[in-house]
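**Q**
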Amino acid sequence: METVPSQLFLIVGAALFSIGLAVVLLKRHVIMVLMGIELMLNAVNLNLVAFSRHDPDRLQGQMLALFVMVVAAAESAVALAIVLQVYRHFRTAQLDELNELKQ
Numbered sequence: 453m454e455t456v457p458s459q460l461f462l463i464v465g466a467a468l469f470s471i472g473l474a475v476v477l478l479k480r481h482v483i484m485v486l487m488g489i490e491l492m493l494n495a496v497n498l499n500l501v502a503f504s505r506h507d508p509d510r511l512q513g514q515m516l517a518l519f520v521m522v523v524a525a526a527e528s529a530v531a532l533a534i535v536l537q538v539y540r541h542f543r544t545a546q547l548d549e550l551n552e553l554k555q
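For the sequence shown, the positions run 453 to 555 when the numbering used here is used.
(1) Using the rule of at least 16 other Cβ atoms within 10 Å of the residue's Cβ for burial, across every protein chain shown, is Met521 buried or exposed?
(2) Can you tell me where the alpha helix (DSSP H) holding Val538 begins and where it ends?
(3) Taking C-alpha atoms, which residue in Val535, Tyr539, Gln459 and Glu490 lies nearest to Val501?
(4) Using a Cβ-Cβ cut-off of 8 angstroms (strictly less than) and excluding sequence neighbours within five positions of Val535, which residues of its own chain qualify?
(5) What whole-angstrom Cβ distance do Gly472 and Met492 have, given they're in contact under 8 angstroms?
(6) Could you tell me if Ala495 is buried or exposed, where buried requires 16 or more neighbouring beta carbons within 10 angstroms of its beta carbon?
(7) Would you decide whether Glu551 is buried or exposed? Buried here means 16 or more other CB atoms lie within 10 Å of its CB.
Take a look at the structure:
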């Protein structure tokens, strides 16, 4: 069985990160921004695992990717709780319409 070259992992990771960055910068709905952040974190995980293939004796890339997944899960839980509270207060999830802190 032939192995997949590392360049393909890096290309897919760069594409995922670019899509996530575009979503964060262009979308104004809070949930979509959170999804973009998750896409960027998954791209980082893919690159960590791809680079860890070059050092098979150590599992540093996989362990760091696992740590990033745990932090991303905690970040998602806290962010969704904040989004629910903001929605209860403002009755909207659009980032452009949340302007009470600007005053």
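Cβ coordinates follow ideal geometry from the N, Cα and C atoms, glycine included.
**A** Based on what the coordinates show:
(1) As a working mapping, residue 521 is identified with position 69 in the sequence shown. Classification for Met521: exposed.
(2) In the sequence shown, counting from the first residue as 1, residue 538 sits at position 86. Note, Val538: alpha helix (DSSP H), Gln512 to Phe542.
(3) Along the sequence shown, read from residue 1 onward, the residue named residue 501 stands at position 49. Answer by Cα proximity: Gln459.
(4) If you number the sequence shown from 1, residue 535 lands on position 83. For Val535, where only same-chain residues beyond five positions count, the Cβ hits under 8 angstroms are Val482, Ile483, Leu486 and Ala545.
(5) Here residue 472 refers to the residue found at position 20 when the sequence shown is read from its first residue. Here residue 492 refers to the residue found at position 40 when the sequence shown is read from its first residue. That belief holds up - the Cβ atoms of Gly472 and Met492 are roughly 4 angstroms apart, short of 8 angstroms.
(6) On the sequence shown, position 43 is the one that residue 495 refers to. Its Cβ being crowded by 16 or more others within 10 Å, Ala495 is buried.
(7) One-based indexing of the sequence shown puts residue 551 at position 99. At residue 551 the sequence reads Asn, which differs from the Glu that was named. Exposed, by the Cβ-count rule.
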